[in-house]
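Scroll down for the structure; my scribbles are underneath it.
Number of protein chains: 2
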Amino acid sequence: MAERDVDRSVSQTVKAQLALRDQLLSGSLRPGERISELQAVETTGASRTPVRMALVRLEEEGLLEAIPSGGFMVKAFSERDISDSIELRGTLEGLAARFAAERGVSARELEPLKECLAAIDELLRQVPISVDAFSAYVTLNARFHALLTELSRSPPLIRQIDRASALPFASPSGFVMAQSALPEAQQILIIGQEHHRVVIDAIENREGARAEAVMREHARLAVRNLRLALRNRTHLDLLPALALIKSATD
Amino acid sequence: MAERDVDRSVSQTVKAQLALRDQLLSGSLRPGERISELQAVETTGASRTPVRMALVRLEEEGLLEAIPSGGFMVKAFSERDISDSIELRGTLEGLAARFAAERGVSARELEPLKECLAAIDELLRQVPISVDAFSAYVTLNARFHALLTELSRSPPLIRQIDRASALPFASPSGFVMAQSALPEAQQILIIGQEHHRVVIDAIENREGARAEAVMREHARLAVRNLRLALRNRTHLDLLPALALIKSATD
DNA sequence: TCCTCCGCTATTGTATACATAACGTATTCA
DNA sequence: TGAATACGTTATGTATACAATAGCGGAGGA
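Protein chains in written order, with the numbering used here: chain A, 1 to 250; chain B, 251 to 500.
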């Protein structure tokens, strides 16, 4: 009954969902582990009903798995699951880029994308990039992807892309962070930036196929680098979300 | 308190979810309409807690939409939403086919697909196709798509494809039914069957790009025909799920 | 010593009571 | 006559009590 003052403005359900997602992504809950409602009630401060609703939402989101006999467990992901999810998101983003190109986008709508691009250019000018700049890059990159997705003007597609980003490492910021441990990290960022530049150009010139192709290539690059990064786990173990990846099976 | 005998083996939550989904897809609930918990409690026979869980699940599934002030409403879909969803599913199925082709599939795994193919061939030999045969076709076609999806061996992808099929008309059986009103319906089925044949051939020969391309073409055909079908709504109005499509905006 | 069965405990599933917020209606004042 | 406010009703959000089931441990028999 202590923490009653924690932001009354949001509903208990949302509060519980956010708290549990944090626990899942930060690794304080181990994959395969059964998640106890009572325990969740204690850690989140909400009562059982909103906690249960949050659990259902997280299951639909793909972070939890229902146990047949009842209750939920933390879902475990293989390395393959992660790389498939990235490729999946890349494919969907490719479709989004194609929709944007084919359906036409006004100069005004492209403006924020170009600002993002310029801001990232500025950051990448540093060699080697500082920690702060890298953190800013992660944010800007996520923003770029979100804006690009929006350009498709297709609610079902946007929804699916959001879903595909739910898994740890499958989100735009997730896999960038995973790659940060690689020695050639900066070159990767520069190539990625080039992809961003091409996709904007393709959308501007209404070249749907080219816009789609470059986004898929973007994802393929990400998959390749994630694989590499998972080989030298040394630094990666710093990232708690890695705990979600069960023993590499492939 | 009357209907207590309705299949005790399933949980109240699942029962409520199925009942509500039926109501949504059959059109007894109109798009945009607010869905009352109390009303749902009466029609489903479950109590408020499982009904709420079912509502949350249906929202995550995309059939309902949360109202900011509280509660849920039946989601309305534009014609664009539907066709985008079909194209989306086609894109994902294309990826699934490519995965299957690239990763290799044993002859034994392809067997059920080929059986499906043969069974559909048998049905399509009838000209014109009977109502019963058409209904059998719908089932077999859905089975074919499900089996193909499984061949990808990628749980995240399979999950996303299932999600993309949740919308009315976006499922394999859904859009086939929608097209049934068209005069050239049988030709469409025959072309679709040819696509099925090609994708199996491509997977067998490990031609990933070809497998993917044909599935995307398959979806594009579906989109085109759905558009056509929505033009002559005469017969389509027989399908109650059409009620979910709000006034065509494009 | 091992296997089986019974019972207990702990956790989930379900129901319902209570609180709170929103919407509609009616009344009053300008 | 119209608009605004206040009150009442209704529906949702939350909490908790109750029921049922599954898992575990112990005890007894083979």
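For every residue, glycine included, the Cβ atom is placed at its ideal position computed from N, Cα and C.
**Prompt:** Are any of the Cβ atoms in chain B nearer than 8 Å to that of Glu93 of chain A?
**Reply:** no
**Request:** Could you tell me which residues DSSP pairs with Ile35 of chain A in its beta bridges?
**Result:** A:Phe72
**Message:** So, under 8 Å CB-CB, Leu58 of chain A and Gln17 of chain A are touching, yes? Tell me the CB distance rounded to an integer number of Å.
**Reply:** 7 Å
**Message:** DSSP has Glu315 of chain B in a bridge; who is on the other side?
**Reply:** B:Met323
**Asked** DSSP on Leu182 of chain A, reduced to helix/strand/coil?
**Response** coil
**Request:** With DSSP as the reference, label Phe394 of chain B as helix, strand or coil.
**Result:** helix
**Request:** Determine which residues of the segment 45-58 of chain A have a Cβ less than 8 Å from any Cβ of chain B, and write them out in chain order.
**Result:** Thr49, Arg52, Met53, Val56, Arg57
**Item:** alpha helix (DSSP H) segment containing Leu206 of chain A, residue limits
**Value:** Reading off the sequence shown, one finds Arg at residue 206 of chain A, where the question assumed Leu. Where Arg206 of chain A is concerned, there is no enclosing alpha helix (DSSP H), given that its DSSP letter is neither H nor E.
**Message:** Contact criterion: CB-CB distance below 8 Å. Does Arg159 of chain A meet it with respect to chain B?
**Reply:** yes
**Item:** Val41 of chain A and Arg30 of chain A closer than 8 Å at C-beta
**Value:** no
**Request:** Flag this pair as touching only if the segment 79-89 of chain A and the segment 190-200 of chain A have three or more C-beta atom pairs under 8 Å; answer yes or no.
**Result:** no
**Request:** Mark Gln160 of chain A as exposed unless 16 or more other C-beta atoms lie within 10 angstroms of its C-beta, in which case mark it buried.
**Result:** buried
**Item:** Heavy atom of the ligand ZN within 7 Å of Arg409 of chain B beta-carbon
**Value:** Because no ligand of any kind appears in the structure shown, any question about the ligand ZN cannot be addressed here.
**First through last residue of the alpha helix (DSSP H) which encompasses Ile129 of chain A** = Note, Ile129 of chain A: premise wrong, no alpha helix (DSSP H); not H, not E.
**Asked** Is the beta carbon of Glu329 of chain B sitting closer than 8 Å to the one on Leu480 of chain B?
**Response** yes
**Asked** For a contact meaning CB atoms closer than 8 Å, what does Glu413 of chain B contact in chain A?
**Response** First, the amino acid is wrong: residue 413 of chain B is Arg here, not Glu. Residues of chain A passing the Cβ test: Gln160, Arg163.
**Prompt:** Is the shortest distance between the beta-carbon of Ser85 of chain A and the beta-carbons of chain B less than 8 Å?
**Reply:** yes
**Asked** Once you ignore the five residues that flank Arg348 of chain B on each side, which residues in its own chain have a CB closer than 6 Å to its CB?
**Response** Gly458, Ala461, Glu462
**Prompt:** Gly62 of chain A versus chain B: which residues are under 8 Å apart at the beta carbon?
**Reply:** Pro406, Arg409
**Request:** Answer yes if the segment 56-74 of chain A comes into contact with the segment 32-39 of chain A, meaning at least three C-beta pairs across the two stretches below 8 Å, and no otherwise.
**Result:** yes
**Request:** Could you check the C-alpha separation between Gly344 of chain B and Gln12 of chain A for me, to the nearest Å?
**Result:** 41 Å
**Request:** Return the residue from the list A:Leu182, A:Gln179, A:Val176, A:Ala170 that minimises the CA-CA distance to Gly62 of chain A.
**Result:** A:Ala170
**Request:** Tell me, to the nearest whole angstrom, how far the beta carbon of Phe327 of chain B is from that of Leu417 of chain B; I am working on the premise that it is less than 8 Å.
**Result:** 7 Å
**Asked** With a cut-off of 8 Å, do at least 3 Cβ pairs link the segment 108-117 of chain A to the segment 147-155 of chain A?
**Response** yes
**Message:** How far does the alpha helix (DSSP H) with Val10 of chain A in it extend, from its first residue to its last?
**Reply:** Unbroken run through Val10 of chain A: none, as it is neither H nor E.
**Asked** Cβ of Leu88 of chain A less than 8 Å from any chain B Cβ?
**Response** yes
**Message:** Against chain B, which members of the segment 167-185 of chain A pass a CB distance test of less than 9 Å?
**Reply:** Leu167, Ala170
**Request:** Closer than 8 Å by beta-carbon distance: list the chain A residues that pair up with Asp331 of chain B, in chain order.
**Result:** Ser154, Pro155, Pro156
**Request:** Would you mind giving the Cβ-Cβ distance between Ser152 of chain A and Ala100 of chain A, rounded to the nearest angstrom? I have them listed as a contact below 8 Å.
**Result:** 5 Å
**Prompt:** Buried or exposed: which applies to Asn225 of chain A, given that a residue is buried once 16 or more other Cβ atoms fall within 10 Å of its Cβ?
**Reply:** buried
**Request:** May I have the straight-line CA-CA distance separating Gln382 of chain B from Leu270 of chain B, to the nearest angstrom?
**Result:** Correcting the residue type first, residue 382 of chain B is Asp in the shown sequence and not Gln. Taking the straight line from one Cα to the other gives about 28 Å.
**Message:** Measuring only the C-alpha atoms, how far is Thr249 of chain A from Ser404 of chain B?
**Reply:** Note that Thr249 of chain A scores 31 on pLDDT, short of 50, meaning its location in the model is unreliable; the coordinates nonetheless yield the value given after this. Taking the straight line joining both Cα atoms gives about 13 Å.
**Prompt:** Using the C-alpha atoms, what's the distance from Arg375 of chain B back to Asp162 of chain A?
**Reply:** 43 Å
**Message:** In this structure, how does DSSP classify Arg280 of chain B when only helix, strand and coil are distinguished?
**Reply:** coil
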